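All remarks here apply to the structure that follows.
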Amino acid sequence: MQPATACASSGLTIPWLRRCSSLRVKCSTSQRAHCASTSTADTAEPIEPIEPIDPIETDPEPDPEPFKLKPLPYPFNALEPHMSKETVEYHWERHHRGHVDSLNAIIQGTEFAEMELENMVLTSYNEGNPLPFFVHASQVWNHDFFWETMKPGGGGNPSNVLKYLIERDFGSLDELAKEIQNAALTQFGSGWVWLAYKAHRLGVGNDINPRPSKKDKRLVVVKTPNAVSPLVWDYYPLLAIDVWEHAYYMDYENRRGDYVSVFLDKLISWDVVSDRLKNAMFRASKREKMEKREMLLDKMKEARLRVKAVDLRPTPKARPKMKRRQY
Amino acid sequence: MVLQLVMAPNWCGCGVASANSTKISTNAFKMSSNRFNFSKPYPGRAYRVTAYYSLTTPPYELDALEPYMSKRTVEIHWGKHHNEHVERLNKHLKTSAFYGHTLEEMVKATYNNGSPLVEFNDSSSVWSHDFFWESMQPNGGSMPKGGVLDQIEKDFGTFTNFKDEFTFAALSIFGPGWVWLYLKKNERKLAVAPTQNAISPLVWGDIPIIGLDMWEHAYYLDYKDDRSAYVNNFLDHLVSWHSVMVRMMRAEAFVNLGEPKIPVA
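For the record, the sequence lines run as chains A and B. Each residue of the first sequence is one higher than the last, beginning at 1 in the UniProt record's numbering. Each residue of the second sequence is one higher than the last, beginning at 1 in the UniProt record's numbering.
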């Protein structure tokens, strides 16, 4: 017969502990009360010790498709005649989907699979030393952004805040169009042309603005090579034009300038751009407030450390000491 | 005063004058009277000769590469893209210090060891495209013969191995680029390398033997995004082994490919 096992904390002998003698158990107060009242047995049969359950549950099967190809917000032929059905179909089905598949193949099962796409773009850019899947993640993001920038029956004029900022920073919509054209035509090879909202004082020297100013919080036109996007420079992109040749070759052959001007006149959705601007300004102001607050806290901390504590309170009046009471 | 850097004497007699409108001032140093005066090569004549690059024609008709490269592709690729590069290059040369360089010299010099100057893209594109048209011929492809085949087998193992390596390199390029078979001068062997944008093996001092344009404009109209079909068709039906042979012959003037024949006393 096994010796009675004692509870580690109370020292009471508890018969039921014999059943799981492999465990070192401390019984809780309630159990103490319970087992004190019952008087079972020494007649209890010893039961096999229970295998301890692994508290971490086994990982489920990794999702083979962490990222799904986002469907287009309009049918393939919706952008005719400015962007043909064939172009849209090939662009989305072959190029965009190709990047999604490549991305899934690389990140499946790794820690990156849980990340949001935007986070993944920033992480994989690795400050100029990109990880192998940066191009795929970035192209997926860029293409999603690009399809949403367009709409059937697009074009027209921007309104409200966007219009005000365009006029303040570029002079007029025509000037903006000229800057975008210039950026598109001088981008050698493949890449993207962006209108972005620059709200952080990061001077990468890539932004083009005919009215350069040291002030922040302005619209800029940037061009990026291959798969890079202005997210990596901490800008808030507002519109994107894909100037990879596959985006316009079947419709415009080598006439990139015509493609860009048709994009700005007939395809762009200024509503979406305005929404993005609103979002960008909100995020930028929130971030600015947080940064100011952090700076202030840092300053206070530094001040506390630097300054010796000097008690400037007036010396207390001399008072007779009170007698300590005895209890 | 800036002295023109590129005043190599032209021994064939035609005057090479400065493209800049600045005259060489004779104040800083006196040119002796029996020296050839480059700014006034033929005194008394009223003209100055300037020379620019022009668009070279492919050595075949524009539809000769059908069905592997359609006439429309060749027309646009050559007539618009290549032409545009030539025109932009000439525009740069009107004010550039590299006026008078040969195209190969200009590519190497403007690459500037990795920080390319503004003329690099256009000069390198012009050179590469000239090279590309000459790398192809109608009824090309199939197997090389003789010395070329021997050299390829020596450096790649088998001819199929070379084709696989070439295709793999071509498909590994992300974005626009070129894929080259080139002769390494120092190692005296052939190798395959992909490059980005407009870079060619000239910039690192080696001798290109075959160049294939992997920019999308070269294949998009015919193959859309099926790059492997494009490369396979190039290797099987378009590549001109005759040009390869001629280029290898020329390269042998710079690189000793054979074992040195040491005379035995």
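Ideal placement from N, C-alpha and C gives every residue a C-beta, glycine not left out. Bear in mind that the values here come from a model prediction, so they are computed numbers and not experimental data.
Quiz prompt | Paired residues, beta bridge with Gln151 of chain B - DSSP | solution = Answer is none; Gln151 of chain B lacks a bridge partner.
Quiz item: What are the boundary residues of the alpha helix (DSSP H) that Arg319 of chain A is part of?
Solution: No alpha helix (DSSP H) holds Arg319 of chain A; DSSP gives it neither H nor E.
Quiz prompt | Any C-beta of chain A under 8 Å from that of Trp78 of chain B | solution = With respect to chain A, the C-beta atom of Trp78 of chain B has no partner C-beta closer than 8 Å.
Self-check item: Proximity of Val192 of chain B and Ala169 of chain B at Cβ, strictly below 8 Å
Solution: Contact flag set, yes.
Exercise. Mind checking who Thr195 of chain B pairs with in its DSSP beta bridge?
Key: Under DSSP, the beta-bridge partners assigned to Thr195 of chain B are B:Trp178.
Practice problem: Taking residue 351 of chain A as the query, report the chain B residues whose CB atoms sit under 7 Å from its CB, ordered along the chain. | Solution: A question about residue 351 of chain A goes unanswered here, because the residues of chain A that appear run from 1 up to 327.
Quiz item: Mind pulling the chain A residues with CB within less than 8 Å of Tyr220 of chain B?
Solution: Scanning chain A for C-beta atoms nearer than 8 Å to the C-beta of Tyr220 of chain B yields Glu245, His246, Tyr249, Met250, reported in chain order.
Exercise. Determine the closest residue to Ile268 of chain A out of A:Thr315, A:His82, A:Ala183, A:Pro71, with distance taken between C-alpha atoms.
Key: Ile268 of chain A has its Cα closest to that of A:His82, out of A:Thr315, A:His82, A:Ala183, A:Pro71.
Quiz item: Under the three-state reduction of DSSP, which class applies to Pro225 of chain A: helix, strand or coil?
Solution: Strand.
Quiz item: Who does Ile210 of chain B pair with in a DSSP beta bridge?
Solution: Answer is B:Leu181.
Quiz item: In the stretch 36-87 of chain B, which residue ranges form an unbroken alpha helix (DSSP H) of at least 4 residues, counting only runs that do not cross its ends?
Solution: Positions of the alpha helix (DSSP H) runs, each at least 4 residues long and wholly inside the stretch 36-87 of chain B, are given as 71-76 in order along the chain.
Quiz item: Rounded to the nearest angstrom, how far is the Cβ of Glu74 of chain B from that of Val126 of chain B, given a contact under 8 Å?
Solution: A quick correction: the sequence has Val, not Glu, at residue 74 of chain B. Taking 8 Å as the upper bound for CB-CB distance, Val74 of chain B and Val126 of chain B are not in contact here, some 17 Å apart.
Quiz item: Going by DSSP, what residues sit across from Val239 of chain B in a beta bridge?
Solution: According to DSSP, Val239 of chain B bridges with B:Met136.
Self-check item: Any C-beta of chain B under 8 Å from that of His95 of chain A
Solution: With 8 Å as the cut-off, His95 of chain A counts as an interface residue toward chain B.
Quiz prompt | Neighbourhood of Glu89 of chain A by C-beta distance below 8 Å, restricted to the same chain and skipping five residues each side | solution = Non-local beta-carbon contacts of Glu89 of chain A in its own chain, meaning distances under 8 Å to residues more than five positions away in sequence, involve Phe76 in chain order.
Self-check item: Through-space distance from Leu190 of chain B to Gln151 of chain B, alpha-carbon basis
Solution: Approximately 8 Å, taken between the alpha carbons.
Quiz item: Just how far apart, CA to CA, sit Val161 of chain A and Ala105 of chain A?
Solution: Taken atom to atom, the span from the alpha-carbon of Val161 of chain A to that of Ala105 of chain A is near 42 Å.
Quiz item: Going straight from the alpha carbon of Lys301 of chain A to that of Gly114 of chain B, what length do you get?
Solution: Spanning the two alpha carbons is a distance of roughly 47 Å.
Quiz item: What span of residues does the beta strand (DSSP E) with Asp242 of chain A cover, start to end?
Solution: Annotation for Asp242 of chain A: the continuous beta strand (DSSP E) segment containing it runs 236-242.
Quiz item: Any chance the stretch 106-121 of chain A sits against the stretch 169-183 of chain A, with 3 or more Cβ pairs inside 8 Å?
Solution: Verdict: no, contact absent.
Quiz item: Which residue's Cα is closest to the Cα of Val260 of chain A: A:Phe112, A:Asn119, A:Trp194, A:Arg287?
Solution: Ranking A:Phe112, A:Asn119, A:Trp194, A:Arg287 by CA distance to the CA of Val260 of chain A puts A:Trp194 first.
Quiz item: How is the beta strand (DSSP E) around Val310 of chain A delimited, first residue to last?
Solution: Premise fails: Val310 of chain A is in no beta strand (DSSP E) and is neither H nor E.
Exercise. Give the DSSP-derived three-state secondary structure of Lys278 of chain A in the structure shown.
Key: Helix.
Quiz item: Secondary structure at Val255 of chain B, three-state DSSP: helix, strand or coil?
Solution: Correct three-state label for Val255 of chain B: coil.
Exercise. Have a look at B:Ile209, B:Trp180, B:Lys185 and flag the residue whose alpha-carbon is nearest the alpha-carbon of Ala198 of chain B.
Key: For Ala198 of chain B, the closest alpha carbon among the candidates B:Ile209, B:Trp180, B:Lys185 is that of B:Trp180.
Quiz prompt | Residue interval of the beta strand (DSSP E) (run including residue 340 of chain A) | solution = Nothing in the structure corresponds to residue 340 of chain A, since chain A is present only between 1 and 327.
Self-check item: Per-residue DSSP class, three states only, for Lys266 of chain A
Solution: Of the three classes helix, strand and coil, the one that applies to Lys266 of chain A here is helix, per DSSP.
Self-check item: Entirely enclosed alpha helix (DSSP H) segments - the stretch 83-143 of chain A, minimum 4 residues
Solution: DSSP runs (the alpha helix (DSSP H)) wholly in the stretch 83-143 of chain A: 85-90, 97-107, 117-125.
Quiz item: Any idea if Ser124 of chain A is buried or exposed, counting beta-carbon neighbours within 10 angstroms, 16 or more meaning buried?
Solution: Under this definition Ser124 of chain A is a buried residue.
Practice problem: Using a Cβ cut-off of 8 Å, pull out every chain B residue sitting near Tyr90 of chain A, in sequence order please. | Solution: Ordered by position in chain B, the residues that pass the 8 Å Cβ test against Tyr90 of chain A are Lys224, Asp225.
Quiz item: Expressed to the nearest angstrom, what Euclidean distance is found between the alpha-carbon atoms of His200 of chain A and Asp63 of chain B?
Solution: Looking at the two C-alpha atoms, the distance is approximately 54 Å.
Self-check item: As assigned by DSSP and simplified to three states, the class of Met143 of chain B
Solution: In this structure, Met143 of chain B counts as coil in the three-state DSSP scheme.
Quiz item: Does the separation of the CB atoms of Glu119 of chain B and Ser96 of chain B fall below 8 Å?
Solution: Against a cut-off of 8 Å, the Cβ pair of Ser96 of chain B and Glu119 of chain B comes out as a contact.
Quiz item: Between the Cα of Trp147 of chain A and the Cα atoms of A:Glu86, A:Leu79, A:Ala280, A:Pro64, which residue gives the shortest distance?
Solution: Answer by Cα proximity: A:Leu79.
Quiz item: Would the beta-carbon of Glu119 of chain B be found less than 7 Å away from any heavy atom of the ligand HEM?
Solution: Only the bare structure without any ligand can be found here, which leaves the ligand HEM out of the picture.
Practice problem: Select from the stretch 167-186 of chain B all residues with a C-beta closer than 8 Å to any C-beta belonging to chain A, and list them in chain order. | Solution: Taking 8 Å as the Cβ-Cβ cut-off against chain A, the residues of the stretch 167-186 of chain B that qualify are Phe174, Gly175, Pro176.
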